[in-house]
Amino acid sequence: MKKTFMPQFNDPGQIFDHQLDGLKWTVAHTYNGSAFYKKQFESAGVTPDDIKSLDDLSKLPFTTGRDLKDGYPLPLLSVPEEQVVRIHASSGTTGKRKVLAYTQKDLDDWFDMFARCYELAGLTQLDRVQIAVGYGVWTAGMGFQMGCERFGAMAIPIGPGNIDMQCQFLEDLQATVFCCTASMALLMAEEVHKRGLKDKINLKKIILGSERCSAAMHAKIKDLLGLEDMFDITGMTELYGPGTGLDCPKHEGIHYWADKFILEILDPDTLEPVQDGEVGEMVVTSLCKEAAPLVRYRTRDLTRKISAPCSCGNILFMHDKIMGRSDDMIILKGVNIYPGQIDEVLSSIPEVGSEYQLHLERKDDGKDYMTIRAEAVQGFDLANTDDIRNKIKKTVHSKIMVSCDAQICAYGQLPRFEGKTKRIFDNRS
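Residue 12 is where the sequence shown starts when you use the numbering used here, and the numbers rise one by one after that.
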């Protein structure tokens, strides 16, 4: 019988019962094992005995990224230090990093979750998985590799960059799956096209993580590489790492591992639940994490829950793709704008390519202005850009309710990145 890494639930009620057991365990575990959490719970007037249903989750206080930085170097630690077998850290760019500790069970749970992602994407043990994400203290490379090995496929751990080696291994080792950021995928797709390697490689699937991929970029990558499919993987260092969810081949939403954590979608301002289908901030509570559990952790990631069951038949709950971060929000003339909204606008215009930048400036009149600089699709005649510029301006105004200017440049003119692409240039200060 083929091994499966998927949890075996017959109906949503069994998932909720499992979550309640996990919530009770987590609250008791943190109350008794973490000085930080015990103080938080006491300030909120909550004890483990108060958790009798999932509705009692709302009684618990929130945990934030600031709490993790304030608790450096081993924040939220809820087990004796001798039980910690590894640490990973976030890729934050300011101040001290968020460092997370892991017990051996935490690692085993993480790798099992990641193996689920490979299983959901339809991989087999005959697949060869080329891993082009960062290694070191970051969770990305280790998660992709150890999850692959747990699943039983061949891991090819190259790491990011090194385009010559990436291309050589795609051709010589005939990798069938490529794991990377969206920016790296576009860079590789264009490089494979430029070198004429498309018919010499055996790449079937790409698994993307770490940054949002617009529909236009998605289509471009898939076309240049001749892929069967592409998948979006989710995760964060605070919650194990990448591998906490994936969209299945039906691409109707991200299946997330509800047996490992509870997901709330809250208004980032009021911290109250949003209406079904509305966008809000992901708040997560781990259910079995030992070393550094999370209790109502504010991720700052924005998405919406999907209530309709997936046509693939998997009963695990779903959320939409990550649309951005609440702390990436741009405020322009009193309007809240997220990069994901610009993605959607540009992807709706066929003549616009996959790469763009947002330039913000404050002019002498004291007013703020936004210019969208976007690439045209390959082969487009730049003598005919007025129509595209007007489409962008009109669509942004109608869908986002803000005015902007637009500039169109030639395909390939904007920079490509091996990691996350820089899209926002805010010069208003």
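In this text, a Cβ means the ideal position worked out from N, Cα and C, and glycines have one as well.
Environment of residue i [buried if 16+ CB atoms lie within 10 Å]
i, result
"Ala151", "buried"
"Gln368", "buried"
"Gln3", "Here the chain comprises residues numbered 12 to 440, so residue 3 is not present and cannot be evaluated."
"Val96", "exposed"
"His408", "exposed"
"Met176", "exposed"
"Arg206", "exposed"
Bridge-paired residues (DSSP) for residue i
i, result
"Cys178", "Answer is none; Cys178 lacks a bridge partner."
"Thr245", "Gly256"
"Glu372", "Tyr380"
"Gln141", "Ile167 and Phe189"
"Ile342", "Asn347"
"Tyr251", "Met247"
"Gly291", "Thr314"
"Val110", "Ala100"
"Tyr367", "Ala385"
Close Cβ partners of residue i (< 8 Å) along its chain, the five nearest in sequence each way excluded
i, result
"Glu222", "Thr192, Ala193, Ser194, Lys431 and Thr432"
"Asp120", "Tyr251, Lys271, Cys299 and Lys300"
"Glu386", "Val363, Gly364, Ser365, Glu366, Tyr367, Ile419, Cys420, Ala421, Tyr422, Gly423, Gln424 and Leu425"
"Tyr380", "Leu371, Glu372, Arg373, Lys374, Cys415 and Asp416"
"Leu238", "Leu214, Lys215, Lys216, Ile217 and Ile232"
"Pro72", "Gln51, Phe52, Ser54, Ala55, Val57, Val306 and Arg307"
"Gly2", "Examination of residue 2 is not possible in this model, given that the chain is present from 12 through 440 alone."
"Leu197", "Met228, Lys231, Ile232, Ser365, Glu366 and Arg427"
Proximity test, residue i beta-carbon vs the ligand COA heavy atom, cut-off 7 Å
i, result
"Lys49", "With respect to the ligand COA, the structure offers nothing, as it holds no ligand at all."
From the options, residue whose alpha carbon lies closest to that of residue i
i, options, result
"Gln389", "Ser359, Tyr380, Cys420 and Arg400", "Cys420"
"Val363", "Arg400, Lys107, Val346 and Phe125", "Arg400"
"Pro426", "Glu201, Leu87 and Ile333", "Glu201"
"Phe47", "Lys70, Leu68, Pro86 and Lys80", "Pro86"
"Leu181", "Met165, Ile212, Ile174 and Ser409", "Ile212"
"Trp36", "Thr135, Ile435, Val188 and Thr58", "Thr58"
"Gly24", "Ile98, Leu327 and Glu92", "Leu327"
"Pro320", "Leu313, Thr114, Met329 and Asp312", "Met329"
"Met485", "Cys128, Asp287, Phe391 and Arg439", "With the chain running from 12 to 440 in the structure shown, residue 485 is simply not present."
"Ala303", "Asp60, Asp61 and Pro91", "Pro91"
"Tyr349", "His229, Met199 and Ile341", "Ile341"
"Ile62", "Val295, Lys209, Asp78 and Gly33", "Gly33"
"Lys410", "Gly351, Ile435 and Val188", "Gly351"
Own chain residues within Cβ distance below 7 Å of residue i, not counting five before or after
i, result
"Ser358", "Ser225, Ala226 and Ala227"
"Tyr83", "Lys107 and Val110"
"Ala132", "Lys216, Ile218, Phe242 and Leu257"
Span of the beta strand (DSSP E) around residue i
i, result
"Lys216", "Lys216 to Leu219"
"Gln418", "Asp416 to Cys420"
"Ala303", "Counting along the chain, Ala303 falls outside any beta strand (DSSP E), and DSSP gives it neither H nor E."
Residue i - containing alpha helix (DSSP H), residue span
i, result
"Ser54", "Ala46 to Ala55"
"Ala269", "Where Ala269 is concerned, there is no enclosing alpha helix (DSSP H), given that its DSSP letter is neither H nor E."
"Val407", "Asp397 to Ile411"
"Ile232", "Ala226 to Leu236"
Sequence-distant residues of the same chain with beta carbon closer than 6 Å to residue i, five excluded per side
i, result
"Ala417", "Ile383, Arg400, Ile403 and Lys404"
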